[in-house]
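Trainee:
In my numbering, the protein residues as written are 2 to 563.
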């Protein structure tokens, strides 16, 4: 038994000595390696930023008035269209009622003027008809009396000369009367024609202005439409042709409108002159009538001594009737002139209409103010009240800032990117935002065009990353880790970045073939954060040395580090 133990001990000692001798003689070093394989390769830029949201919204007073009561407090959450403050609408209602009363009054004034015009035109026409009938009757009776008086002249030689002179004067006056009557009727006709021409020109101007307005609308629509087409497209060219055609039409209708506008002052001047001519002709006519009346009175005073008693009575009765007819003619003429003076001109009617339009607009505005006052001050967005700038009972002008709301939307993170990474970043790139233990998806929304200094005074570019959803409400102002994916990850043949070397001849790696170091030049493609794509020079499965080596190690033998 002791002999066996001695043999075992001896074998162990020999084994230990043999391993020690082998270990001492074998001094081969080990290296870390990896195999060329298919791997995911992508690039990203990581920075730390701060959470923010859409800019604060200021809620302004929609109208001027007294704030009856505010309904929210600072740091209170509100939803869109929530009531923030009530108006005291008593004065606003009063202002609306005043505006409505004024509007109704202006409408009454217009309707009264139009109604009076109809009535006065009727009076004028009736008086004119009556005047013409009376003049005709006057002429008939005058003939009868003239006949009786002619007999008297034959019998009464004493007054023949005087009567003859009066009759000659009356004949002249009658001729003048006929001419004056004709001139007056002509002046009335000319005035009517001038008024008709002016009215027609105004109607034509209204129609021309409508054509210009319609053309301007079509032209504006075409110009808006063309902005949606590419300049070299067929749609763009067709739309441009329409614009050119419509521009020509617009120029034509504008020229037509301007021509009519230029004519209207002359037409108005014609009406004015025709009115003056009518007034003058009418005055001349009345003067002649009065002269005739005077002559007739003188003639009537000649004693009808040569007349019979019956003829004398007839002559006196006719003269009395003529005097009454003369007074009636004068009365009807006065009525006609008075009615004509009371007729409101088209210009004044337009002024009444303008007053009605203005009053209507004032009423509509007062009504809109009342409606806004009844609605009160509403929130324009969902968010948090950060400032309250008004108190109960305060009077505010329209446009006065009342509340400031921080919207709960548009969450984003701003990061500062160095000059080394900014060229890699583009709008629309995906990003991962880590806030605490939560990861959010986002996209690059904005890249500043001007650099700003960071806390170390170095120029960097602000990049804004918008969170993809508004259903999350991270705390504004917190730090956030941002990782911007600058290139899409793809499956490719690749190795670790720390395996790649470069010299004057190109890019290379050190491979291990049968434990011997070899140098291989390669062509690389996409460079990811940790891996590099190998386009040419290596095959899948080859062993690449990760341990740092140099060309002095080429041909050396290394073991693979376990």
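Heads up, the beta-carbon is just placed ideally off N, CA and C, and yes, glycines get one too.
1. Work out the CA separation of residue 126 and residue 111 for me, nearest whole Å.
2. Here's a check: name, in chain order, each residue in its chain whose Cβ is nearer than 6 Å to the Cβ of residue 536, leaving out the five neighbours to either side.
3. Spatial neighbours of residue 402 within its chain, please: CB distance less than 7 Å, with the 5 preceding and 5 following residues excluded, ordered by chain position.
4. Hey, is the region 421-435 in contact with the region 106-120, meaning 3+ C-beta pairs nearer than 8 Å?
5. Based on the DSSP secondary-structure assignment, which residues constitute the bridge partners of residue 434?
6. Say whether the region 179-194 touches the region 274-281, bearing in mind that this needs 3 or more beta-carbon pairs closer than 8 Å, one atom from each stretch.
7. For residue 10, does the count of other Cβ atoms within 10 angstroms reach 16, so buried, or fall short, so exposed?
8. For residue 54, which of helix, strand or coil comes out of DSSP?
9. If we require 3 or more residues per run, which beta strand (DSSP E) segments fall completely within the region 74-119?
10. Inspect the CB distances between the region 379-394 and the region 70-83 and report whether three or more fall short of 8 Å.
11. Spell out a yes or no on whether the region 131-142 and the region 340-359 are touching, meaning 3 or more CB-CB pairs, one atom from each, closer than 8 Å.
12. Let me know if residue 266 comes out buried or exposed under the rule of 16 or more other beta-carbons within 10 Å of its beta-carbon.
13. Is DSSP giving residue 504 helix, strand or coil here?
14. Taking the C-alpha atoms as reference points, what is the distance between residue 225 and residue 409?
15. For residue 408, which three-state DSSP category applies?
16. If I measure Cβ to Cβ from residue 420 and keep anything under 6 Å in the same chain, skipping five residues before and after, which residues do I get?
17. Could you tell me which residues DSSP pairs with residue 417 in its beta bridges?
18. DSSP beta-bridge partners for residue 558?
19. Using the C-alpha atoms, what's the distance from residue 136 back to residue 326?
20. Going by beta carbon distance, what residues of the same chain come within less than 6 Å of residue 103, once the five residues before and after it are set aside?
21. Three Cβ pairs or more, each shorter than 8 Å: is that satisfied between the region 248-257 and the region 197-215?
22. Using the Cα positions of residue 22 and residue 551, report the straight-line distance between them to the nearest angstrom.
23. Indicate the three-state DSSP secondary structure (helix, strand or coil) for residue 396 in the structure shown.
24. Between the region 85-97 and the region 449-464, are three or more C-beta pairs nearer than 8 Å?
25. Tell me, to the nearest whole angstrom, how far the beta carbon of residue 521 is from that of residue 509; I am working on the premise that it is less than 8 Å.
26. Tell me whether residue 476 is buried or exposed, calling it buried when 16 or more other Cβ atoms sit within 10 Å of its Cβ.
27. Exposed or buried, which one is residue 458 when buried takes at least 16 other CB atoms within 10 Å?
28. If you reduce the DSSP assignment to three classes, tell me which class residue 24 lands in.
29. Taking all protein chains shown into account, decide if residue 333 is buried (16 or more other Cβ within 10 angstroms of its Cβ) or exposed.
30. For a quick check, are the C-beta atoms of residue 483 and residue 414 less than 8 Å apart?
31. For residue 38, which residues does DSSP report across the bridge?
32. Go through the region 337-399 residue by residue and report every complete run of the alpha helix (DSSP H) that reaches 4 residues or more, in order.
33. Label residue 195 either buried or exposed according to how many other C-beta atoms from any shown protein chain fall within 10 Å of its C-beta, with 16 as the threshold for buried.
34. Is it true that the CB of residue 66 sits closer than 8 Å to the CB of residue 488?
35. To the nearest angstrom, how far is the alpha carbon of residue 492 from that of residue 219?
36. Identify every residue that forms a DSSP beta bridge with residue 522.
Mentor: The relevant details are as follows:
1. The residue you call residue 111 lines up with position 110 of the chain shown. The residue you call residue 126 lines up with position 125 of the chain shown. When rounded, the distance between both Cα atoms is 23 Å.
2. What you label residue 536 is simply residue 535 of the chain shown in a count that begins at 1. So the list reads 524, 526, once near-sequence residues are dropped.
3. Position 401 of the chain shown, counted from the first residue, corresponds to residue 402. Only 59, 61, 390 meet the Cβ criterion.
4. The region 421-435 vs the region 106-120: no contact.
5. Position 433 of the chain shown, counting from 1, holds the residue named residue 434. Looking at the DSSP output, residue 434 bridges to 441, 483.
6. Contact holds: three or more Cβ-Cβ distances are below 8 Å.
7. The residue you call residue 10 lines up with position 9 of the chain shown. Since pLDDT at residue 10 reaches only 37, below the 50 mark, its modelled position is unreliable, and the value read off the structure follows with that caveat. In the assembly as shown, residue 10 is an exposed residue. Its beta-carbon has fewer than 16 other beta-carbons within 10 Å.
8. As a working note, residue 54 is residue 53 in the chain shown. Coil, per DSSP.
9. DSSP runs (the beta strand (DSSP E)) wholly in the region 74-119: 84-88.
10. Here the region 379-394 makes contact with the region 70-83; the two share three or more CB pairs at distances below 8 Å.
11. Three or more Cβ pairs closer than 8 Å define a contact, and the region 131-142 falls short of that threshold against the region 340-359.
12. On the chain shown, position 265 is the one that residue 266 refers to. Classification of residue 266: exposed, given that the 10 Å Cβ count is below 16.
13. Against the chain shown, residue 504 aligns to sequence position 503. Judged by DSSP in its simplified three-state form, residue 504 adopts strand.
14. By 1-based counting over the chain shown, the position of residue 225 is 224. By 1-based counting over the chain shown, the position of residue 409 is 408. Residue 409 has its alpha-carbon roughly 34 Å from the corresponding atom of residue 225.
15. In the chain shown, the residue the question calls residue 408 occupies position 407. Strand, per DSSP.
16. Within the chain shown, residue 420 is the residue found at index 419, counting from 1. In its chain, beyond the 5 residues on either side, no residue has a beta carbon closer than 6 Å to the beta carbon of residue 420.
17. By 1-based counting over the chain shown, the position of residue 417 is 416. Per DSSP, 463.
18. Counting from one through the chain shown, the residue named residue 558 turns up at place 557. Paired residues: 517.
19. For the purposes of this step, residue 326 is taken as residue 325 along the chain shown, with counting starting at 1. For the purposes of this step, residue 136 is taken as residue 135 along the chain shown, with counting starting at 1. The straight-line gap from Cα to Cα measures roughly 8 Å.
20. As a working note, residue 103 is residue 102 in the chain shown. Around residue 103, the same chain offers 360 as residues with beta carbons nearer than 6 Å, after the five sequence neighbours per side are excluded.
21. Contact between the region 248-257 and the region 197-215 is present, with at least three C-beta pairs closer than 8 Å.
22. Locating residue 22 in the chain shown gives position 21, counting from the first residue. Locating residue 551 in the chain shown gives position 550, counting from the first residue. Unreliable positioning characterises residue 22 in this predicted model, as indicated by a pLDDT of 36, which lies under 50. A coordinate reading is not provided.
23. Locating residue 396 in the chain shown gives position 395, where the first residue counts as 1. Here residue 396 carries a strand assignment [DSSP, helix/strand/coil].
24. Touching, no, given that fewer than three Cβ pairs across the two stretches are closer than 8 Å.
25. Numbered from 1 along the chain shown, position 520 holds the residue referred to as residue 521. Numbered from 1 along the chain shown, position 508 holds the residue referred to as residue 509. Residue 521 to residue 509, Cβ: 6 Å. Contact.
26. Residue 476 sits at position 475 when you count from the first residue of the chain shown. With fewer than 16 other beta carbons inside 10 angstroms of its own, residue 476 counts as exposed.
27. To locate residue 458, count along the chain shown from 1; it is residue 457. Answer is exposed; the Cβ neighbour count stays below 16.
28. Residue numbering aside, residue 24 sits at position 23 when the chain shown is read from its first letter. Low local confidence applies: a pLDDT of 38 at residue 24 is under 50, so the model's placement there is unreliable, and no value is given.
29. Position 332 of the chain shown, counted from the start, is the residue given in the question as residue 333. Note on residue 333: 16 or more other CB atoms within 10 angstroms of its CB, so buried under the neighbour-count rule.
30. For the purposes of this step, residue 483 is taken as residue 482 along the chain shown, with counting starting at 1. For the purposes of this step, residue 414 is taken as residue 413 along the chain shown, with counting starting at 1. Yes.
31. In the chain shown, counting from the first residue as 1, residue 38 sits at position 37. Answer is 495, bridged to residue 38.
32. Taking only runs of at least 4 residues, the alpha helix (DSSP H) segments lying wholly in the region 337-399 are 347-376.
33. By 1-based counting over the chain shown, the position of residue 195 is 194. Burial is judged here by how many other beta carbons sit within 10 angstroms of a residue's own beta carbon; residue 195 has at least 16 and is buried.
34. Position 487 of the chain shown holds residue 488. Position 65 of the chain shown holds residue 66. Here residue 488 is not near residue 66, since their CB atoms are 8 Å or more apart.
35. As a working note, residue 492 is residue 491 in the chain shown. As a working note, residue 219 is residue 218 in the chain shown. About 56 Å.
36. Against the chain shown, residue 522 aligns to sequence position 521. Residue 522 pairs with 509.
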